[in-house]
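I have placed the structure first, in the form of structure tokens, so that the comments after it can refer back to it.
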Amino acid sequence: MKACKDVAWNSVHFQCPSEWQVDQIGKRHLRLGNGRGPVMEVKWGPVKGRFSHNAHLKRLAALNARRAKGRVVPWTLPDSWKAALADFETGGFQWQTTTAEGRGVSLYCPVCHNGSLIQFFRSTPDAAEKEFLAVLNSFRDHPDDGRIVWSVFDIRAKLPQILQLRRFRFDAGRFELEFTDGRQTIHLHRWAPAAALLGKGNLTRFAGTISEFSSGQPIVTTVNGHPGIQWSMGPPAGRPQWIVRLKPQLSFFWFRMWLLEEKNRIFGVRAASRHYLDEDQLNRICMDYETV
Amino acid sequence: MRLFKKKVAPEISRTQALQYKPVKSGDITEMRLESGEVLIEYPMTLRPLAAAVAKRLGVTPTTRQTKKLQLDVLGTTVWDLLDGRRSVSQIIEIFAQTHRLENREAEVSVTRFIRELGRRGLLGLQ
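Chains as they are written, first to last, in this note's numbering: chain L, 1 to 292; chain G, 1 to 126.
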């Protein structure tokens with residue numbers, strides 16, 4: 001297999017050829033392409049009750065009704081695929097339209113009770129069987145250490161499993177992911193190209209231009225060996241905690257921004273809560289937040 | 001019954017679109033500012049309906065109406081790469097290398113910028 005890279009998103013983690021890029025992204029959906037067309041798609045979600053491959057297949061056929069109604073049929077998985085997916089309960093399928101064809105596998109993980117659907121498109125003739133197999137070999141749908149890896153485009157982060165993705169945006173030059181655990185919200189930011197965004201200014205000046213980072217007094221610091229700024233805001237001193245918690249607005253805010261000069265990126269992490277923020281957890285998130 | 005026939009844009013693939021070469025319009029004047037950024041002055045075009053109304057009323061503009069557009073650093077980088085010989089994909093590649101961006105991210109930025117300039121009539125694709 002050629003050079004490969006990690007793709008990790010909302011519990012799902014696999015390796016794929018480095019020229020494959022994420023074309024479409026949803027909370028539980030990824031579609032990858034190789035620049036000439038789609039190559040692979042994966043969808044996943046929790047399964048309540050018993051898992052049935054046939055029911056899954058019917059749902060898939062209904063979803064693809066416009067494109068491939070009646071053409072989604074069961075398919076016997078080759079032994080190599082079965083071996084690669086030995087940890088899962090599996091069922092194969094294939095489909096065909098006038099312009100494209102594909103085959104895939106529906107998976108059920110008895111450990112995390114997640115159902116996944118992986119399909120490979122064959123409209124691109126150069127998509128090799130070996131590459132598909134390597135993806136399946138590396139496919140995982142739950143973390144082993146309670147920390148979820150997020151690795152798409154050029155960012156990589158590792159967050160506690162309790163933090164759930166609430167929303168995200170990947171705009172050219174600006175990425176933002178928002179997570180919550182019910183008590184706090186944590187945002188991961190990434191801006192590029194840093195040199196053009198900073199111009200002749202510094203991080204403090206740049207932070208002032210971003211509405212979410214514009215309040216408070218930044219303090220110059222070093223983050224993961226890179227120049228950065230950090231500051232926090234809380235309720236006025238002396239106010240009882242119970243009053244702070246009763247307030248509808250968030251009271252505790254934490255901000256950190258740092259510059260990765262050699263990568264020409266600016267990273268930012270901010271958190272907000274009605275309760276005291278766990279700074280150790282935030283430090284660890286920053287430590288594991290990097291560019292690839 | 002449809003009164004007006006809907007214009008159907010020719011369908012081209014992404015690969016084909018990236019092979020086009022953007023060419024600057026001859027009607028524009030560009031100025032380099034002290035900051036290194038580019039200021040473009042281009043003629044304002046009347047919307048077809050407004051132009052038709054003006055013609056009916058016998059109104060002819062005495063002076064040439066122009067608009068100005070100042071590009072930022074990133075816009076200037078792309079603008080400087082538009083020489084009529086480079087294709088969109090080549091521009092994307094150079095832009096990505098210059099700013100150490102991923103090709104995909106550079107593609108989104110550059111194509112959006114080129115589309116916007118095209119919409120204003122500042123360039124065409126050949």
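Note that the Cβ used here is the ideal one computed from N, Cα and C, for glycine as well.
For the segment 192-212 of chain L, the beta-carbon criterion of a distance under 8 Å to any beta-carbon of chain G is satisfied by Ala192, Pro193, Ala195, Ala196, Gly199. The straight-line gap separating the alpha-carbon atoms of G/Leu18 and G/Gln97 is approximately 17 Å. Separation of G/Glu102 and G/Leu49 (C-alpha to C-alpha, rounded to the nearest whole angstrom) is 43 Å. Apart from the 5 residues on each side of it in sequence, L/Arg140 sits with its Cβ closer than 6 Å to the Cβ of His13 in its chain, given in chain order. If you draw a 10 Å sphere on the C-beta of G/Leu33, you find fewer than 16 other C-beta atoms in it, and that means exposed. Within chain G, the residues placing a beta-carbon under 9 Å from that of L/Phe153 are Glu102, Arg104, Glu105, ordered along the chain. For L/Pro74, the uninterrupted beta strand (DSSP E) segment begins and ends at 73-75. Excluding its 5 nearest sequence neighbours in each direction, L/Asp181 has C-beta neighbours in its own chain below 8 Å: Pro160, Ile162, Leu163, Gln164, listed in chain order. Measuring C-alpha to C-alpha distances from L/Glu262 to each of L/Arg103, L/Met40, L/Ala194, L/Glu101 identifies L/Ala194 as the nearest.
Chain-order list of chain L residues neighbouring G/Arg112: Ala172, by C-beta distance under 8 Å. Where L/Pro143 is concerned, there is no enclosing alpha helix (DSSP H), because DSSP gives it neither an H nor an E. In the structure shown, G/Gly26 falls within a coil segment according to DSSP collapsed to helix, strand and coil. In this structure L/Ile219 is exposed. Its beta-carbon is surrounded by fewer than 16 other beta-carbon atoms within 10 angstroms. For L/Gln21, the closest Cβ of chain G is nearer than 8 Å.
Given a length threshold of 4 residues, each whole run of the alpha helix (DSSP H) inside the segment 28-98 of chain G is given here in chain order: 48-56, 73-81. For a Cβ distance threshold of 9 Å, nothing in chain G lies close to L/Arg190: the least Cβ distance comes to about 10 Å. Residue pairing of L/His13 in beta bridges, as defined by DSSP: L/Ala8, L/Arg140. Shortest Cα-Cα distance from L/Val7 to any of L/Ser138, L/Tyr108, L/Leu77 involves L/Ser138. For G/Ser109, the nearest CB of chain L lies under 8 Å from its own CB, placing it at the interface with that chain. The segment 35-43 of chain L makes no contact with the segment 70-88 of chain L; the number of CB pairs closer than 8 Å stays below 3.
A direct Cα-to-Cα measurement between G/Gly36 and G/Thr76 gives close to 8 Å.
Only Lys263, Asn264 from the segment 261-285 of chain L bring a Cβ to less than 7 Å from some Cβ of chain G. Distance from G/Ile92 to G/Val110 at the Cβ level is roughly 5 Å; contact confirmed, criterion being Cβ atoms closer than 8 Å.
Boundaries of the beta strand (DSSP E) around L/Glu176: 174-180. One finds Thr15 in chain G with Cβ atoms closer than 8 Å to the Cβ of L/Arg36, taken in chain order. In chain order, Ala196 make up the part of chain L whose C-beta sits under 7 Å from the C-beta of G/Leu74. In this structure, the alpha-carbon of L/Lys5 lies about 14 Å from that of L/Leu136. In the DSSP secondary-structure assignment, L/Asp171 is bridged to L/Arg174. Non-local C-beta neighbours of L/Val42 in its own chain, meaning closer than 6 Å and more than five positions away in sequence, comprise Leu30, Ile118, ordered along the chain. Take the alpha-carbon of G/Gly26 and the one of G/His99: they are about 29 Å apart.
Secondary structure of G/Glu102 (DSSP, three-state): coil. For L/Asn54, the three-state secondary structure derived from DSSP is helix. With contacts defined as CB atoms closer than 8 Å, G/Gln126 and G/Tyr42 fail to qualify as a contacting pair. In the DSSP assignment, L/Thr185 is bridged to L/Thr180, L/Ala272. The segment 50-59 of chain L and the segment 88-108 of chain L touch, with three or more beta-carbon pairs separated by less than 8 Å.
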